[in-house]
Amino acid sequence: MSVDVTLPVLSPKDFASDQEIRWCPRCGDYSILAQMKKVLPTLGIPKEKFVFVSGIGCSSRFPYYMDTYGMHSIHGRAPAVATGVKLANPDLQVWVITGDGDSLSIGGNHFMHVLRRNVDLKVIMFNNQIYGLTKGQYSPTSPTGTKTKSTPFGSVDRPLNPLSVAIGARATFAARSVDVDIKHLCSVLERAANHKGAAFVEVYQDCNVFNSGAFEFASKKGKKEENVIYLEHGKPLIFGKDRDKGVRLNSHGQPEVVELGKGVTADDLLFHDEKAEDMNLAFLLASMRHPEMPEPMGVFRCVDHPTYNDAVYQQVESATERSGEGDLEALFNTGDTWNV
Amino acid sequence: MATTDVPGSNGKISEQLDAVVIRFCGDSGDGMQLAGTQFTNVSAVFGNDVSTLPDFPAEIRAPAGTLGGVSGFQICFSSSDIFTPGDEVDTLIAMNPAALKTNVADLRRGGTLIVNEDAFEKSNLSKAGYEGNPLEDDVSLAAYQVQRVPMTSLTRDAVADLGLSPREAERCKNFFAMGLVYWLYQRDATPTEEWVKSKFAKKPELVEANLKALQAGYNYGITTEAITVHYRVDPAELPPGKYRKVTGNEALAFGFVTAAKLSGKQLFYGGYPITPASDILHELSKLKNFNVVTFQAEDEIAAITSVVGAAYAGDLAITASSGPGIALKGEGMGLAAITELPLVVIDVQRGGPSTGLPTKTEQSDLYMCMYGRNGDCPLPLVAPASPADCFEMAQEAMRIAVEFMTPVILLSDGYIANGAEPWQIPDVSQLKPFNVSNENTQDGDEFMPYLRNEKKTRPWVLPGTPGCEHRVGGLEKSDVTGNVDYSPENHQFMTTLRANKIAGIADYIPEQTVEGPESGDLLVISWGGTYGAVRTAVKQSVQEGLSVAHAHIRYLNPFPKNLGDVIKRYKKVLIPELNTGQLRMIIRGTYLADAVGLNKVQGKPFLISEVKHKIKELINEEN
Numbered sequence: 001m002s003v004d005v006t007l008p009v010l011s012p013k014d015f016a017s018d019q020e021i022r023w024c025p026r027c028g029d030y031s032i033l034a035q036m037k038k039v040l041p042t043l044g045i046p047k048e049k050f051v052f053v054s055g056i057g058c059s060s061r062f063p064y065y066m067d068t069y070g071m072h073s074i075h076g077r078a079p080a081v082a083t084g085v086k087l088a089n090p091d092l093q094v095w096v097i098t099g100d101g102d103s104l105s106i107g108g109n110h111f112m113h114v115l116r117r118n119v120d121l122k123v124i125m126f127n128n129q130i131y132g133l134t135k136g137q138y139s140p141t142s143p144t145g146t147k148t149k150s151t152p153f154g155s156v157d158r159p160l161n162p163l164s165v166a167i168g169a170r171a172t173f174a175a176r177s178v179d180v181d182i183k184h185l186c187s188v189l190e191r192a193a194n195h196k197g198a199a200f201v202e203v204y205q206d207c208n209v210f211n212s213g214a215f216e217f218a219s220k221k222g223k224k225e226e227n228v229i230y231l232e233h234g235k236p237l238i239f240g241k242d243r244d245k246g247v248r249l250n251s252h253g254q255p256e257v258v259e260l261g262k263g264v265t266a267d268d269l270l271f272h273d274e275k276a277e278d279m280n281l282a283f284l285l286a287s288m289r290h291p292e293m294p295e296p297m298g299v300f301r302c303v304d305h306p307t308y309n310d311a312v313y314q315q316v317e318s319a320t321e322r323s324g325e326g327d328l329e330a331l332f333n334t335g336d337t338w339n340v
Numbered sequence: 001m002a003t004t005d006v007p008g009s010n011g012k013i014s015e016q017l018d019a020v021v022i023r024f025c026g027d028s029g030d031g032m033q034l035a036g037t038q039f040t041n042v043s044a045v046f047g048n049d050v051s052t053l054p055d056f057p058a059e060i061r062a063p064a065g066t067l068g069g070v071s072g073f074q075i076c077f078s079s080s081d082i083f084t085p086g087d088e089v090d091t092l093i094a095m096n097p098a099a100l101k102t103n104v105a106d107l108r109r110g111g112t113l114i115v116n117e118d119a120f121e122k123s124n125l126s127k128a129g130y131e132g133n134p135l136e137d138d139v140s141l142a143a144y145q146v147q148r149v150p151m152t153s154l155t156r157d158a159v160a161d162l163g164l165s166p167r168e169a170e171r172c173k174n175f176f177a178m179g180l181v182y183w184l185y186q187r188d189a190t191p192t193e194e195w196v197k198s199k200f201a202k203k204p205e206l207v208e209a210n211l212k213a214l215q216a217g218y219n220y221g222i223t224t225e226a227i228t229v230h231y232r233v234d235p236a237e238l239p240p241g242k243y244r245k246v247t248g249n250e251a252l253a254f255g256f257v258t259a260a261k262l263s264g265k266q267l268f269y270g271g272y273p274i275t276p277a278s279d280i281l282h283e284l285s286k287l288k289n290f291n292v293v294t295f296q297a298e299d300e301i302a303a304i305t306s307v308v309g310a311a312y313a314g315d316l317a318i319t320a321s322s323g324p325g326i327a328l329k330g331e332g333m334g335l336a337a338i339t340e341l342p343l344v345v346i347d348v349q350r351g352g353p354s355t356g357l358p359t360k361t362e363q364s365d366l367y368m369c370m371y372g373r374n375g376d377c378p379l380p381l382v383a384p385a386s387p388a389d390c391f392e393m394a395q396e397a398m399r400i401a402v403e404f405m406t407p408v409i410l411l412s413d414g415y416i417a418n419g420a421e422p423w424q425i426p427d428v429s430q431l432k433p434f435n436v437s438n439e440n441t442q443d444g445d446e447f448m449p450y451l452r453n454e455k456k457t458r459p460w461v462l463p464g465t466p467g468c469e470h471r472v473g474g475l476e477k478s479d480v481t482g483n484v485d486y487s488p489e490n491h492q493f494m495t496t497l498r499a500n501k502i503a504g505i506a507d508y509i510p511e512q513t514v515e516g517p518e519s520g521d522l523l524v525i526s527w528g529g530t531y532g533a534v535r536t537a538v539k540q541s542v543q544e545g546l547s548v549a550h551a552h553i554r555y556l557n558p559f560p561k562n563l564g565d566v567i568k569r570y571k572k573v574l575i576p577e578l579n580t581g582q583l584r585m586i587i588r589g590t591y592l593a594d595a596v597g598l599n600k601v602q603g604k605p606f607l608i609s610e611v612k613h614k615i616k617e618l619i620n621e622e623n
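Protein sequence lines correspond, in order, to chains A and B. Taken in order, the first sequence gives residues 1 to 340; the numbers are from UniProt numbering. Taken in order, the second sequence gives residues 1 to 623; the numbers are from UniProt numbering.
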């Protein structure tokens with residue numbers, strides 16, 4: 001007997017909650033929210049199966065604005081909450097919404113562990129290089145010298161590179177996009193949604209109140225073409241408005257920008273391989289930072305590995321197969337017993 | 001006192017006793033925990049009532065032979081029901097000078113001291129800080145019946161033909177010691193022999209060596225001229241039924257698995273290793289075929305927050321830790337309290353603050369568990385009284401959590417967690433059913449996550465349920481809708497509502513009972529692992545004609561409804577605690593009762609005699 005299952009056709013509107021959105025006007029978060037609402041209906045997953053878990057910060061208000069299941073949890077701990085949700089019910093698609101402060105400062109530990117375990121969750125990090133909700137202190141991703149209320153003479157910290165950390169934790173999926181690059185962001189979110197395992201996406205996000213224009217190099221038309229490389233699996237690293245520049249490795253194995261033509265062809269360039277098992281290429285791409293180098297956008301790494309939640313359930317299943325379904329009577333009577 | 005001859009006793013006198021306290025102590029590599037556990041097993045299987053107290057060194061491996069590396073295991077076994085591992089030691093087995101030095105003060109005058117004479121050589125003596133050999137002078141040990149047994153060399157001889165290395169051969173000396181004590185107390189070694197055979201199944205030479213050492217120790221008892229008496233302790237008259245031995249941590253694991261099984265739910269344990277709570281994780285990790293998911297998190301905060309997530313998604317979720325770990329979990333508990341999700345947090349208390357006395361028992365986390373969260377955040381607290389009671393209180397904690405949609409704290413302690421006692425195996429068909437509903441039973445189109453029932457409890461409807469999509473979180477909620485609401489009136493309303501919900505649990509827990517007279521001169525109030533010592537002290541005082549009763553509180557928040565009335569029926573109140581007076585402060589604040597404390601913070605449980613002494617003192621003042 002076959003059963004026809006027709007999923008309701010969902011639209012972005014179906015994912016909008018009735019809550020008033022309280023982000024600052026022109027905040028980059030609006031665009032990320034809009035793209036998320038566009039992507040979810042395309043995944044073929046019933047609405048009730050989505051869970052959004054967030055930490056604390058502007059970005060972390062996100063779950064309130066989605067008409068799905070969700071939890072606004074505590075600062076930095078969303079990956080751990082989400083791990084509990086996914087382990088309790090692996091049938092749910094669980095998204096973690098976090099910011100650069102939330103996930104790299106107070107939550108650095110959980111960020112690293114959720115990725116190395118490969119729990120099947122989607123971690124979207126809104127990176128605005130600043131603390132917005134606490135009104136403008138520097139964050140772990142702020143460039144050295146950033147002047148803020150807590151660093152009036154400029155920060156002396158060296159910043160963390162989120163993708164390097166993620167790749168170092170052996171994330172099976174790592175990608176980057178920009179809030180206002182609507183089509184690109186949609187495609188990256190969609191690929192993250194479809195990845196089986198922990199998917200990490202860094203989104204450059206504009207905080208127009210405390211750190212306006214930090215990512216103009218990567219978002220502004222006319223500038224971004226010269227500053228960004230869109231990664232495509234199996235394709236050479238070419239960029240520029242006229243696609244006349246590329247990246248190749250120099251004699252020391254370091255990436256360098258070269259002009260195409262004049263004896264340099266696409267074949268001389270570095271080719272992207274998101275499926276590479278070793279992480280050297282992904283590290284190298286993550287290390288390319290503006291303004292010294294063009295910054296890569298897109299999927300840095302996408303490899304297949306068993307997920308943590310599957311492995312946990314396989315153990316439960318094999319233990320049940322081996323010993324039979326747990327029987328309290330038998331459990332209580334194990335070991336030495338005696339009658340009185 | 002009866003004297004009978006038993007076969008194989010070589011004509012020696014057999015003396016009958018009611019209760020005996022034995023302590024094995026030695027270097028932490030000497031296998032003393034193993035010897036103690038095995039002796040407990042054979043005594044329990046024989047039918048004695050047993051109670052145990054393991055005592056671990058805090059260092060993983062202090063230098064061999066030093067005072068810091070001494071590991072001990074105390075057992076009381078008896079022909080009547082007992083509630084503690086005993087005050088004074090009747091027989092002390094000391095495997096080296098350091099063990100002797102740190103334990104001999106607990107041996108009663110006239111008690112039996114069995115020492116491994118071989119270990120009393122110069123370097124061990126100096127490591128233990130002895131200037132001379134206490135076995136060689138006439139004063140040091142004159143109060144005791146000293147049996148000098150060259151255990152190392154006798155063990156080496158016993159296993160000589162097995163081709164073991166000298167080190168392997170010497171490691172069997174704990175079995176020699178066990179054999180000797182088995183003879184001394186007429187224990188049947190069969191359960192230990194079976195255990196050795198299965199434990200070392202893959203190493204037949206070790207099976208043979210340990211069995212030979214055990215036999216050699218037993219035979220030494222028969223043949224040596226030095227020991228002329230051995231003892232018999234008859235089986236205890238416990239309520240009829242089938243029994244096994246459990247530790248508190250085992251019983252907690254059994255209790256939570258039972259709650260999950262009875263409710264048809266998956267059990268989720270998120271934890272981070274910490275002494276003395278880790279055994280709960282170890283026990284549950286073995287029980288995956290009971291649909292148990294265990295998650296060893298990266299830290300205590302991940303442990304509690306993973307449990308919050310698992311509870312949100314529908315599992316019966318628990319986490320366990322000890323003092324410092326519970327401190328880290330405070331914020332997570334607050335999240336669970338405001339999101340009103342059911343979960344249980346187990347605190348196996350140890351000496352604090354900070355790392356404190358990591359392997360020793362204390363009851364000093366009561367304030368932290370009662371109050372240690374930001375905001376006005378009362379949570380239910382329950383505390384098992386003994387290792388076996390952990391089975392019931394685990395289920396009670398989970399029942400309260402689910403029935404009232406709240407995190408519940410279960411306060412155990414190191415003494416309960418590692419101690420063992422007989423447990424009457426329950427009839428599974430008689431266990432209280434445990435129903436959980438995750439259905440949406442509301443009328444109307446829109447699901448209201450903070451709509452409440454008569455217990456002020458909100459519904460536990462799970463992600464994945466169509467049409468009930470909702471968000472929870474740490475920001476203040478509006479009643480009924482659960483929407484974020486910071487308005488002043490709403491915060492006051494919700495704070496009161498949450499507190500009233502927890503206070504209302506008092507209508508659903510048993511009333512406080514007392515052991516002893518319904519009114520009188522003195523009421524002794526206890527909680528947690530001091531139950532045994534207080535119970536015995538009060539019982540003995542009543543037998544001596546004193547007007548004293550005992551109320552042991554297992555529900556600490558809310559208190560049983562009648563507790564205030566109970567307290568009023570006595571002229572004085574004594575609250576013995578292994579802290580500086582935490583319950584006393586709360587009782588005084590709640591009931592305006594002029595309670596007196598008996599407080600001990602030495603990392604050790606109460607002796608019965610300490611509590612008795614205080615009872616007498618207070619009653620004498622009264623009269």
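Idealized CB from N, CA, C, for every residue including glycine. Keep in mind it's a predicted model, so treat the numbers as computed, not measured.
| Check | Outcome |
| --- | --- |
| Where P324 (chain B) falls: helix, strand or coil (DSSP) | helix |
| Among A:N127, A:Y30, A:L115 and A:V247, the one whose alpha carbon lies nearest that of G197 (chain A) | A:L115 |
| Within-9 angstroms CB hit, F200 (chain A) to chain B | no |
| Neighbour flag for I301 (chain B) against chain A, beta carbons, 9 angstroms | yes |
| Buried or exposed (CB count within 10 angstroms, at least 16 for buried), E277 (chain A) | exposed |
| Status (buried if at least 16 other CB within 10 Å, exposed otherwise) for I505 (chain B) | buried |
| Per-residue DSSP class, three states only, for F210 (chain A) | coil |
| Which listed residue (B:L107, B:R23 and B:H230) has its alpha carbon closest to that of G11 (chain B) | B:H230 |
| Residues within the region 252-272 of chain B neighbouring chain A, beta-carbon criterion of under 8 angstroms | F254, V257, T258, K261, Q266, F268 and G270 |
| Cβ separation of Y69 (chain A) and P463 (chain B), assumed to be a contact under 8 angstroms, to the nearest whole Å | 4 angstroms |
| Reference G72 (chain B); option with closest CA among B:V89, B:S80 and B:F83 | B:V89 |
| Inter-residue CB distance, C369 (chain B) and L341 (chain B) (contact presumed, cutoff 8 angstroms) | No, C369 (chain B) and L341 (chain B) are not in contact; Cβ-Cβ is about 18 angstroms, not under 8 angstroms. |
| Alpha helix (DSSP H) segment containing A401 (chain B), residue limits | D389 to F404 |
| is_contact[S306 (chain B), chain A] using C-beta, thresh 9 angstroms | yes |
| Residues within the region 312-342 of chain B neighbouring chain A, beta-carbon criterion of under 9 angstroms | Y312, A313, G314, D315, A317, E331, G332, G334, L335 and T339 |
| Where M1 (chain B) falls: helix, strand or coil (DSSP) | Interpretation of M1 (chain B) is limited by its pLDDT of 37, a score under 50 that renders its predicted location unreliable; the figure taken from the coordinates is listed afterwards. Coil at M1 (chain B), not helix or strand. |
| Length-filtered (3 minimum) beta strand (DSSP E) runs lying within the region 231-261 of chain A | 245-249 and 255-259 |
| Short-range partners of chain A found in the region 38-61 of chain B, where Cβ spacing is below 9 angstroms | N41, V42, A44, V45, F46 and G47 |
| R301 (chain A) beta carbon less than 9 angstroms from that of E274 (chain A) | yes |
| Rounded C-alpha distance that separates D157 (chain B) from T224 (chain B) | 16 angstroms |
| Short-range partners of chain B found in the region 317-330 of chain A, where Cβ spacing is below 7 angstroms | A319, T320, S323, G324, E325, G326, L328 and E329 |
| Of the residues A:R77, A:P25 and A:I21, the one placed nearest E302 (chain B), counting alpha carbons only | Checking the sequence shown, residue 302 (chain B) turns out to be Ala, not Glu. For the residues A:R77, A:P25 and A:I21, the minimum Cα distance to A302 (chain B) belongs to A:R77. |
| Min CB distance N332 (chain A) to chain B below 9 angstroms | Note that residue 332 (chain A) is Phe in the sequence shown here, rather than Asn. At least one chain B Cβ lies under 9 angstroms of F332 (chain A). |
| For A317 (chain B): DSSP bridge partner residues | B:F268 and B:L343 |
| Within chain B, partners of L87 (chain A) - CB distance below 7 angstroms | F268, V293, F295 and A310 |
| Collapsed DSSP secondary structure at D100 (chain A) in the structure displayed | helix |
| Beta-carbon gap between M293 (chain A) and D181 (chain A) smaller than 9 angstroms | no |
| According to DSSP, residues forming a beta bridge with L10 (chain A) | Its beta-bridge partners do not exist; DSSP assigns none. |
| Buried versus exposed call for S123 (chain B) [16 or more other C-beta atoms within 10 Å across all chains shown] | exposed |
| Touch test, the region 332-340 of chain A against the region 116-135 of chain A, Cβ-Cβ under 8 angstroms, three pairs minimum | no |
| Whether V201 (chain A) touches V209 (chain A) by CB criterion (9 angstroms) | no |
| Residues of its chain near T319 (chain B), where Cβ-Cβ distance is below 6 angstroms and the 5 sequence neighbours each way are ignored | G270, G271, A303, I304, V307 and V345 |
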